[in-house]
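Enquirer: Counting with the working numbering, you get residues 43 to 214 for the letters of the sequence shown.
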Amino acid sequence: MKRRALLKNLALGTGAAMTLPGWAYGWQAGQVRPSGRFTPAEGSLIRSVADTFIPEGLNEPGAVSLGVDQFMDRLFADCYELEDLARVKTGLKDLDTYARKVYAQTFSECNQGQRESILMAFSSPSDEEKAWLYDTLRRETIRGYTTSEYVMVNHYDYVMAPGFFDGCVDVI
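#1: Would you mind sorting Met60 into buried or exposed? The rule is 16 or more other CB atoms within 10 Å of its CB.
#2: Can the beta-carbon of Asp120 be found less than 8 Å from the beta-carbon of Ile88?
#3: Thinking C-alpha only, which one of Val110, Val130 and Asp93 is nearest Thr81?
#4: Give the single residue among Ala53, Pro167, Val211 and Leu134 whose Cα lies nearest to the Cα of Glu84.
#5: Can Tyr145 and Ala163 be called in contact, C-beta distance under 8 Å?
#6: Under a three-way DSSP split, which group does Phe113 fall into?
#7: Give every residue of the same chain whose Cβ lies closer than 7 Å to the Cβ of Ser90, excluding the five residues on either side of it in the sequence, and list them in chain order.
#8: Among the candidates Ile96, Gln112 and Phe113, whose CA atom is the shortest distance from the CA of Ala105?
#9: Please state if the CB of Tyr192 and the CB of Leu117 are separated by a distance shorter than 8 Å.
#10: Considering just the uninterrupted stretch of the alpha helix (DSSP H) at Leu134, what are its terminal residues?
#11: Taking only three categories from DSSP, how would you classify Ala105?
#12: Between which two residues does the alpha helix (DSSP H) containing Pro82 stretch?
#13: If you draw a straight line from the C-alpha of Leu49 to the C-alpha of Ala58, how long is it?
#14: Helix, strand or coil: which one does DSSP assign to Phe118?
#15: Assuming the contact rule is C-beta atoms closer than 8 Å, Thr94 and Leu161 should be a hit. Round their C-beta distance to whole Å, please.
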């Protein structure tokens, strides 16, 4: 190998080793930035919906504590088709309009029981768009919660790399 290629590869490796920890730090739930596809009001609605489906328990964290609302924001923005994203945004607007009509306050301002009754009204199969929104929000909230690190490690006994390494084993 030529000296210049060696120095170039060494410099690239050193640079990568220095920047990777900072890049990986951005993967933590507290560091995830909003996608920008939702307005702050829509983001608040997503947060309230996630909190309604899986609220805080006495001994268990709720969906919002585990960052499910951030997961849903990124999921809808990055993985859903633009038509489906528009359906979600329209459905969130309808959800808030319905809450204002029934309870004279936004969905996010309603208490847990009121939010549950609003979502139950959206779950009926009589209106296809409302039922689609309910099913989508419910499914993605459950997916975000059950695939969170807390649930995977504490309830599913998930181990990132199963098996153990014991370096002090006699070969003979």
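A virtual CB, placed ideally from N, CA and C, is assigned to each residue, including glycine.
Expert: On the basis of the data shown:
#1: In the sequence shown, counting from the first residue as 1, residue 60 sits at position 18. Exposed, because fewer than 16 other Cβ atoms sit within 10 Å of the Cβ of Met60.
#2: Numbered from its first residue, the sequence shown carries residue 120 at position 78. Numbered from its first residue, the sequence shown carries residue 88 at position 46. Going by C-beta atoms, Asp120 is not nearer than 8 Å to Ile88.
#3: The residue given as residue 81 occupies position 39 in the sequence shown. Out of Val110, Val130 and Asp93, Val130 has the C-alpha closest to the C-alpha of Thr81.
#4: As a position in the sequence shown, residue 84 is number 42, starting the count at 1. The option with the nearest alpha carbon to Glu84 is Leu134.
#5: Residue 145 sits at position 103 when you count from the first residue of the sequence shown. Residue 163 sits at position 121 when you count from the first residue of the sequence shown. Cβ atoms of Tyr145 and Ala163: not closer than 8 Å.
#6: As a first step, residue 113 is located in the sequence shown; it is residue number 71 there, counting from the start. In the structure shown, Phe113 sits in a helix (DSSP, three-state: H, G or I).
#7: Residue numbering aside, residue 90 sits at position 48 when the sequence shown is read from its first letter. Here the set comprises Phe149, Ser150 and Arg157.
#8: For this step, residue 105 is matched to residue 63 along the sequence shown. Answer by Cα proximity: Ile96.
#9: Locating residue 117 in the sequence shown gives position 75, where the first residue counts as 1. Locating residue 192 in the sequence shown gives position 150, where the first residue counts as 1. Contact: no.
#10: Within the sequence shown, residue 134 is the residue found at index 92, counting from 1. Counting along the chain, the alpha helix (DSSP H) containing Leu134 begins and ends at Leu124 to Tyr145.
#11: Counted from its first residue, the sequence shown places residue 105 at position 63. Correct three-state label for Ala105: coil.
#12: Reading the sequence shown from its first residue, position 40 is the one you call residue 82. Where Pro82 is concerned, the enclosing alpha helix (DSSP H) stretches over Pro82 to Phe95.
#13: Stepping through the sequence shown from its first residue, residue 49 is reached at position 7. Stepping through the sequence shown from its first residue, residue 58 is reached at position 16. Each residue's alpha carbon lies about 14 Å from the other.
#14: Here the question's residue 118 lines up with position 76 in the sequence shown. If DSSP states are grouped into helix, strand and coil, Phe118 belongs with the helices.
#15: Locating residue 94 in the sequence shown gives position 52, where the first residue counts as 1. Locating residue 161 in the sequence shown gives position 119, where the first residue counts as 1. Indeed, because the Cβ distance is near 6 Å, the residues count as touching under 8 Å.
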